[in-house]
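Under full-length UniProt numbering, the first residue of the sequence shown carries the number 1, and numbering increases by one thereafter.
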Amino acid sequence: SSLLFSSLLFSSLLFSSLLFSPLFFLSSPFSFPLLSSSLLISSLISSLLSSPSPLSSGLPGSVTSRFNEGMLVADGRRDIAKPLCLDVFVLQTDCVNYVKMVHHYNRTHLYTCGTGAFHPTCAFVEVGQKMEVRDTHTHTSSSSDGKGKSPYDPRHPAASVLIGDELYAGVATDLMGRDFTIFRSLGGRPSIRTEQHDSRWLNEPKFVGSFWVPESENPDDDKIFFFFRETAVEAQGLGKSTYSRIGQLCRNDMGGQRSLVNKWTTFLKTRLICSVPGSDGSDTYFDELRDVFLLQTKDRKNPLVYTVFSTSSSVFKGSAVCIYTMNDIRRAFLGPFAHKEGPNYQWVPFQGKVPYPRPGMCPSKTFGSFESTKGFPDDVIQFARHHPLMFNPVYPLNRRPVFLRTNVDYSFTQIAVDRVGAADGHYDVMFIGTDKGTVLKVISVPKESWNNMEDLLLEELEVFKVRGPHPLFCWRQRRLQQLYVGSDTGLAQVPLHRCSIYGKACAECCLARDPYCAWDGTSCTRYLPNTKRRFRRQDVRNGDPNTLCSGDHHKHRVAERRLFGVEGSSTFLECIPKSLQARVTWTFQKQPHNAKEEPRLDDRVLQTERGLLVRRVLKRDVGLYQCHAMEHGFTQTLLGITLEVVPSSSSSSPPADPLLRLDPRSGGGGPPSTNQKLWYRDFMQLVDHPNLSTVDQICEQVWARKSAQSDKSFPQRLIETKDFWRVSTHTQHLLLCEYLSSDTPLATAP
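Structure below.
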């Protein structure tokens, strides 16, 4: 197993560069192309490891990764562990090493653990002084048993945090995944775990994350927090229900002297509530905890806890982001203990006397005189054994999610948060990964007060070309201002801000309300709080361009397009505002001297999120359509589309448009003869039979009817304008066929 694991560890270095700053990343199995990414990873390692990182800084979670088997095991090494694995388990894909944990141990080594083909193994990986991939190697003598650090089965989630030289891991410690524990290993203190086979402590947990948070200036008060979801023991009459939990334990816990020997004596847990209050007084709960991100503040004892939840119901689908404060978490752990009593054996708050020192308190001089948990009285140990659950749950900030989505075809999976300084305060920018491979960029801004928040979706990014069900792992690198997003197909680098996409006008930049961006007088650029610029304008909270851009003389030029639609067919007038918060309206003008009016919306004309859909084009639809974006009382015209209607093939009279009245093959300006087929009859054939074989047939017919032309044909004139690209693909095919039938060279390339 040592030889096998040593051959696998080089692949784990692909992820080593991702773990050296307080970043966020997903934990899910995925394969990674080693050779194609080695240069990128090498540069990432060099950049991320160039700055010192304190040995005691906790990492935000664990990496789960599946590597290509061909890159894992070489020749005879695959025979060491795989035969035993294949004798027991059918799936060959499970009999490889899934790296479940990679931690920064010090400046020269990583500590990593993996499933090792159902033989958990850990090792120190030397990365060298210069942190270069070519210096990376593993000493086989440094590998060790990974039981209690990595699960056997790659499908079992795990969470861990390395504090100093001690590892705290929430993991399944047996082959079948029935013995779940929170386990301390490494370091100089004895190994310690949770009570075994006691559903009151842990009941089929799925670990999500683990963090170290100091309680005071005294390191003896430091606590470790675990986030997980489990089957709730207190959900009476509700069947098998899943609750999300937060558990705490003291870092200096040594176990009991006569009871709970080598077991945690300070372990407590309580429920995490993330719900939406209903109008009838009942709440809608998001019970499936998916990810946790710890946002550090100026006070390291009070970080903000960002969490991602989804629903467990098959009827109601949704995802939410909830924020928790450490004050609320500590208040819940100082509240009443949950206790079963009464004729119906119900869960109620414990009303009896709580022994001293209070269970959950760390032995230190800050809150008492005990130097070790081994000195705790027996009644404290017994109470802690039977009362690990708190009665009061932890509610989120403002008792509601800060961002949620319901009835959509995706779920939130991961989150990373960056605190950004803006002209009107600080804003937490959330980058939320979904199981569809997209990343949502979201902020929350106050309305009347900071207790009444409004969520704004700034961007929705499709990072990879192929959207799939694989989850993402994402994290931010604050110094490089980059978001790194990975999937089972590769790794992508995405900038945290793209101010140029918000347009070239002051109003567009202001309405974007992106705290990263501001208008500098000429363009929308990166906002830097420490830079004093006279013309810099930004208002994230209100986004009012009427005030900010009143003195701006930059004229907004309305884009104009011409669209051709065939009578009786359908057409689409596309208009997508740059701001996702804008409300789009349309106006219609028949002639330049006519008044503008709103188009009549019915079953024939529909307004969608992306534009105006005309299901059946009529002659009266000819005119100018203008798309307007309305936001915060500011109205801006985005686009003007002139719709031209081409008569259908059944029309016996020549078209009214002089341009369309010309027969491109007649060479003259008169109307076509009655026995001559209208030139756009080919167009109707293509519309009626939109398939590729028809395109070839139509082109052959057009080429067979070549004739000399004294002037450019209508198709050629259209091709040489930008309007050619506004018609449908099938129309383009026909017009290109018409153009290719002429001998006149193309004047300007489309």
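Just so it is clear, CB atoms sit at the ideal spot from N, CA and C, and this is done for glycine as well.
Bear in mind that the values here come from a model prediction, so they are computed numbers and not experimental data.
Contact set for residue i: own chain, Cβ-Cβ below 6 Å, skip 5 residues either direction
i: I273; result: P393, Y395
i: S241; result: A232, A235
i: C122; result: C113, S144, G146, K149
i: R399; result: none
i: R536; result: A518, D520
i: C85; result: C95, A117, F118
i: N218; result: S364, T366
i: P151; result: A158, V171, A172
Buried versus exposed, by CB contacts within 10 Å (16 or more), residue i
i: K263; result: buried
i: L528; result: exposed
i: A559; result: exposed
i: M254; result: buried
i: K583; result: Here residue 583 turns out to be Arg, not Lys, going by the sequence shown. With fewer than 16 other Cβ atoms within 10 Å, it is exposed.
i: V315; result: exposed
i: Y356; result: exposed
i: R385; result: buried
i: S185; result: buried
i: Y345; result: exposed
i: M453; result: buried
i: N97; result: buried
i: F282; result: The residue you asked about is not Phe; residue 282 is Ser in the sequence shown. Exposed, by the Cβ-count rule.
i: D379; result: exposed
i: M101; result: buried
i: G503; result: buried
i: V466; result: exposed
i: T413; result: buried
Where residue i sits in the DSSP three-state scheme
i: D602; result: coil
i: C517; result: strand
i: residue 761; result: Residue 761 lies beyond the range of the chain shown here (1 to 750); nothing can be said about it.
i: S576; result: What sits at residue 576 in the sequence shown is Ile, not Ser. Three-state result, I576: coil.
i: Q92; result: helix
i: C122; result: strand
i: F226; result: strand
i: Y243; result: strand
i: L196; result: Checking the displayed sequence, the identity of residue 196 turns out to be Gln instead of Leu. Here Q196 sits in coil by DSSP.
i: S160; result: strand
i: R330; result: helix
i: I273; result: coil
i: Q103; result: Correcting the residue type first, residue 103 is His in the shown sequence and not Gln. DSSP places H103 in strand when its eight states are reduced to three.
i: H593; result: coil
i: Q382; result: helix
i: L397; result: helix
i: T547; result: helix
i: S500; result: helix
i: T522; result: coil
i: L643; result: strand
i: residue 762; result: Outside the shown range of the chain (1 to 750) lies residue 762, about which nothing can therefore be said.
i: T373; result: helix
i: K619; result: helix
Proximal residues to residue i (C-beta, below 8 Å), its chain only, five neighbours per side dropped
i: H387; result: F337, A338, H339, F350, P359
i: E598; result: T585, W586, T587, F588
i: A492; result: V463, F464, Y484, V485, G486
i: residue 753; result: Residue 753 lies beyond the residue range present for the chain, which begins at 1 and ends at 750; the question has no answer from this structure.
i: L639; result: V558, A559, E560, R561, C575, Q626, C627
i: G342; result: V348
Same chain only: Cβ atoms within 7 Å of residue i, ignoring 5 sequence neighbours per side
i: D424; result: D539, V540, R541
i: G421; result: P529
i: R405; result: G318, S319
Proximity below 8 Å, CB of residue i to CB of residue j
i: D220; j: S364; result: yes
i: V494; j: L461; result: yes
i: F225; j: G170; result: no
i: M430; j: V321; result: yes
i: Q591; j: E631; result: no
i: V276; j: R290; result: no
i: I246; j: F267; result: no
i: E508; j: K596; result: no
- Item | Meets three-Cβ-pair contact criterion under 8 Å: the region 211-218 and the region 193-200 | By the Cβ test, the region 211-218 is not in contact with the region 193-200, since fewer than three Cβ pairs between them sit closer than 8 Å.
- Task: Give a yes or no on contact between the region 250-257 and the region 316-333, applying the rule of three or more CB pairs nearer than 8 Å.
- Result: Touching, no.
- Query: Can we say the region 512-528 touches the region 497-504, given the rule of at least three CB pairs closer than 8 Å?
  - Reply: Contact between the region 512-528 and the region 497-504 is present: three or more C-beta pairs spanning the two stretches fall below 8 Å.
- Task: Kindly confirm or deny that the region 185-195 and the region 152-161 touch, where touching means at least three C-beta pairs closer than 8 Å.
- Result: The answer is no - the region 152-161 does not touch the region 185-195, with fewer than three Cβ pairs under 8 Å.
- Query: Is the region 562-582 touching the region 606-614, taking contact as three or more C-beta pairs under 8 Å?
  - Reply: Proximity of the region 562-582 to the region 606-614 meets the contact definition, three or more beta-carbon pairs being nearer than 8 Å.
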